[in-house]
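Protein sequences appear in the order of chains W and Z.
First residue of the first sequence: 0, per numbering that gives the first Met the number 0; consecutive thereafter.
First residue of the second sequence: 0, per numbering that gives the first Met the number 0; consecutive thereafter.
Glycine included, every Cβ here is placed at the ideal spot set by N, Cα and C.
For reference, the structure is listed below as structure tokens.
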Amino acid sequence: MPDNEHALRQQGIEGLYIDHHGWLQAWLRRRLGNAFDAADLAHDTFVRVMASQCTQWGREPRALLTHIAKGLVIDHWRRQEVEAAYLDAIARLPAPHTPSPQARLLAIEALVRIDAMLASLPPFTREVFLLAQLDGLTLQQIAERTQKPAITVRRHIHKALVACMALD
Amino acid sequence: MPPSDAIDIALLKEAADWAIAFQYEAPTPAQRQAFAQWRDRSPAHAAAWARAQGVFNTFGQVPADIGKTALQQLERSHGRRRGLHVLGLLLVAAPVGWLAWRHARPWAADVHTATGERRTLTLPDGSQLVLGTASAVDIAFGAAARRIRLVAGEILVTTHADPAPAARPFLVDTASGVVRALGTRFGVRQQEEGGFRVAVYESAVEIQPLAGPARTLRAGQQARFGATGVDAPAPVDNTDALWTQGMLLAKDMRLGDVVAELARHRPGVLRCDGAVAGLRVSGAISLDDTDAGLAALAQSLPLRVVYQTRYWVTVEAR
């Protein structure tokens with residue numbers, strides 16, 4: 000085993016942090032264009048590394064860090080998109096209806112989860128599941144709307160539900 | 000795939016089957032019993048069921064109209080065309096149709112919170128439900144009534160006009176009787192000594208004990224009720240509902256009562272020594288961070304907080 004790899008493992012997470020945190024934060028800042036989010040995501044990246052209980056970073060610890068960080072950046076952007084879509088949706092409501100900050104936060108959190116859950120579903124399954132969950136249609140109503148037998152509709156809802164349940 | 004994963008997925012499928020049965024297919028009493036046996040078979044079964052409920056709860060937290068608009072926009076922003084045509088069709092449907100569909104939505108869910116947790120849900124009719132610490136409700140919205148069953152703990156309900164064509168009553172079922180909302184904001188809390196306490200912040204509610212005369216409470220009133228009757232109403236303060244913001248606003252309250260309230264919001268044992276229980280407390284105390292709440296009490300009163308462990312804490316004279 001090469002000496003430097005051995006040394007890295009000895010250093011553990013502290014060493015990883017000391018050696019690469021500044022670099023990672025700068026890398027994130029270039030991608031995100033702001034220091035606050037970069038600091039948050041750099042922190043989250045190290046939390047992920049710790050949670051993974053990975054003790055071997057290999058010869059390229061920065062490759063591991065950027066791999067995790069890239070995933071977090073994508074989540075971060077997606078979350079911003081979800082937030083913007085939500086704010087846009089409440090702005091378009093016909094009635095004067097302003098959810099409280101707490102209600103907004105909950106709804107955005109829920110939408111982020113829903114967005115992630117739906118991402119893996121085939122188009123028709125997704126449609127059927129949304130008709131069931133958001134519109135509250137019955138199996139029969141969905142069957143009429145989609146011109147498919149109720150048993151088929153049920154199968155798609157079942158498939159979607161299992162996929163969503165398996166997610167977190 | 001390792002065998003443990005395979006078992007997991009099989010359980011998720013079974014749980015999803017039950018969830019769909021409960022949401023759409025009006026299970027018979029025998030089926031309900033079979034379900035209860037299935038769920039109690041192992042912690043893994045119960046966990047699979049909790050996941051199904053979690054998915055329903057997630058969708059329940061987004062009002063239908065907002066959720067649809069937002070998801071459509073996300074769809075567009077990603078350039079994914081899928082799913083759009085059916086949703087587009089629905090968007091031009093007449094409002095009356097919408098209401099009828101929402102009205103027909105069969106809704107069954109068990110929602111609960113852990114000690115120290117608080118949760119806000121938007122119900123299918125737009126009403127808001129806040130669950131306090133260590134609380135549990137069943138939600139059963141049917142064609143005839145909007146029903147919440149308070150199984151444990153405390154809730155605050157802010158009702159919304161029923162979007163259904165024929166407005167359904169909004170009812171909270173308890174072990175001691177039924178609380179009927181008359182267009183309103185109110186709280187229901189299970190009492191340790193038995194019975195329930197109802198506090199009305201807006202409009203009015205009618206309490207119908209299991210075996211006793213009904214009584215109407217107006218805004219600003221609270222009363223305890225048991226199975227046989229409703230106690231005389233006492234005034235209630237709007238600040239009582241501050242628990243929904245994670246705060247207890249004490250106004251000349253006994254320390255013993257304040258500590259008992261904090262104890263409801265944290266796991267483990269939190270006791271108040273009798274020697275200081277009679278001290279009077281005024282001020283805002285955090286329920287979300289009970290350690291901070293206790294520290295604030297120790298600062299303003301002649302007492303100290305003794306941590307034997309994180310889960311065994313005593314408040315005693317300094």
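Residues are counted here when their Cβ sits less than 9 Å from a Cβ of chain W; for the stretch 6-26 of chain Z these are Asp7, Ile8, Leu11, Lys12, Ala14, Ala15, Asp16, Ala18, Ile19, Gln22, Tyr23, Glu24, given in chain order.
Straight-line measurement puts the Cα of Leu166/W at about 21 Å from the Cα of His66/W. Residues of chain Z with a Cβ closer than 9 Å to the Cβ of Ala142/W do not exist; the shortest Cβ-Cβ separation is about 11 Å. A distance below 7 Å between beta-carbons, with the five flanking residues on each side excluded, links Thr44/W to the following residues of its chain, in chain order: Leu23, Leu64, Ile67, Ala68, Leu71. Taken through DSSP and simplified to helix, strand or coil, Gly66/Z comes out as helix. Interface with chain Z (9 Å Cβ-Cβ cutoff): Gln24/W is excluded. Taking 9 Å as the cut-off, the beta carbon of Leu149/Z is found no closer than this to the beta carbon of Phe185/Z. With 16 or more other Cβ atoms from the protein chains shown falling within 10 Å of its own Cβ, Gln220/Z counts as buried.
Residue-level contact by beta carbon fails for Thr308/Z and chain W, as no gap is shorter than 9 Å. Leu70/Z and Ala90/W have their C-alpha atoms some 15 Å from each other. By the beta-carbon neighbour count (other beta carbons within 10 angstroms, threshold 16), Trp26/W is buried. Against Glu13/W, chain Z offers no close residue; the least beta-carbon distance is about 26 Å (beta-carbon pairs closer than 8 Å). No Cβ of chain W is located within less than 9 Å of the beta carbon of Ala294/Z. Assigned with DSSP and collapsed to three states, Glu143/W falls in helix.
Pairing Asp251/Z with Leu136/W, the inter-Cα distance amounts to about 51 Å. Against chain W, the beta carbon of Thr68/Z has neighbours under 7 Å at Ala88, Arg91, listed in chain order. In the assembly as shown, Thr27/Z is an exposed residue. Its beta-carbon has fewer than 16 other beta-carbons within 10 Å. Looking at the DSSP output, Arg167/Z sits in no beta bridge, so it has no partner there. Listed as beta-bridge partners of Gln207/Z by DSSP are Val177/Z.
At a cut-off of 9 Å between beta carbons, Ile156/W contacts chain Z. Following the DSSP letters along the chain, one finds Thr119/Z inside the beta strand (DSSP E) bounded by residues 118-121.
Tyr310/Z sits in coil when the DSSP states are folded into three classes, being neither helix nor strand. When the five nearest sequence neighbours on each side are left out, no beta carbon in the same chain lies closer than 8 Å to the beta carbon of Asp256/Z. Thr243/Z: not part of any alpha helix (DSSP H); DSSP gives it neither H nor E. Three or more pairs of CB atoms, one per stretch, sit closer than 8 Å, so the stretch 193-209 of chain Z contacts the stretch 168-185 of chain Z. Contiguous alpha helix (DSSP H) elements confined to the stretch 76-153 of chain W occur at 100-118, 122-132, 138-145, taking only those with 4 or more residues. Around Tyr85/W, the beta-carbon contacts reaching into chain Z at under 8 Å are Ile65, Ala69. Its chain contains Ala142 as the residues whose beta carbon lies nearer than 7 Å to that of Pro148/W, once the 5 sequence neighbours on both sides are disregarded; these appear in chain order. The closest CA to that of Thr308/Z, considering only Leu155/Z, Gly267/Z, Ser41/Z, Glu153/Z, is found on Gly267/Z.
Beyond the five residues adjoining it in sequence on each side, Asp287/Z comes within less than 7 Å, by CB distance, of Gly245 in the same chain, given in chain order. Per DSSP, the continuous beta strand (DSSP E) segment holding Thr215/Z begins and ends at 214-217. Taking each of Val48/W, His75/W, Asp74/W, Ile73/W in turn and checking the Cα distance to Ala62/W, the smallest one comes out for Val48/W. Bridge pairing for Pro234/Z: Gln220/Z [DSSP].
In this structure, the alpha-carbon of Asp239/Z lies about 7 Å from that of Leu247/Z.
Annotation for Arg317/Z: Pro301, Leu302, Arg303 place their beta carbon closer than 6 Å to its own, counting only its chain and skipping 5 residues before and after. Legend: CB atoms of the stretch 118-137 of chain Z lying less than 8 Å from CB atoms of chain W belong to residues Thr119, Thr121, Pro123, Gln127.
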